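In the working numbering, the protein residues as written are 96 to 182.
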């Protein structure tokens with residue numbers, strides 16, 4: 096891997112500004128068994144996570160959008176907002 100956890104976090108926040116816009120915390124941890132990044136989204140005591148394959152993370156670092164992750168982020172924001180508002 097030619098990049099750090101911090102590099103990937105910075106790139107994801109840059110590519111998906113809605114993470115910050117909706118007040119989500121972003122956490123990353125590499126899972127050697129799955130050869131993927133565990134991407135965690137948190138707001139208050141509400142939490143969601145997704146797996147980002149290493150090849151997809153490599154592609155993100157190069158500036159390519161991760162469609163799968165983008166769709167999940169949108170869904171997670173919607174789910175978390177509904178949970179928080181009690182709807």
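For each residue, glycine too, the CB sits at the ideal point set by N, CA and C. In this text the structure is predicted, and so the values were computed from the model without any measurement.
Closest in C-alpha terms to residue 175, from the list 144, 150 and 132, comes 144.
Between the stretch 136-151 and the stretch 107-121 there are three or more C-beta pairs closer than 8 Å, enough to call the two in contact.
Taking 8 Å as the upper bound for CB-CB distance, residue 149 and residue 130 are in contact here, some 5 Å apart. Within the same chain, and ignoring the five residues on either side of residue 122 in sequence, the residues whose Cβ sits closer than 6 Å to its Cβ are 135.
A residue is called buried when at least 16 other Cβ atoms come within 10 angstroms of its Cβ; residue 163 does not meet this threshold and is exposed. For the 9 Å CB-CB criterion, residue 169 and residue 113 form a contact. Around the beta-carbon of residue 160, fewer than 16 other beta-carbon atoms lie within 10 Å, marking it exposed.
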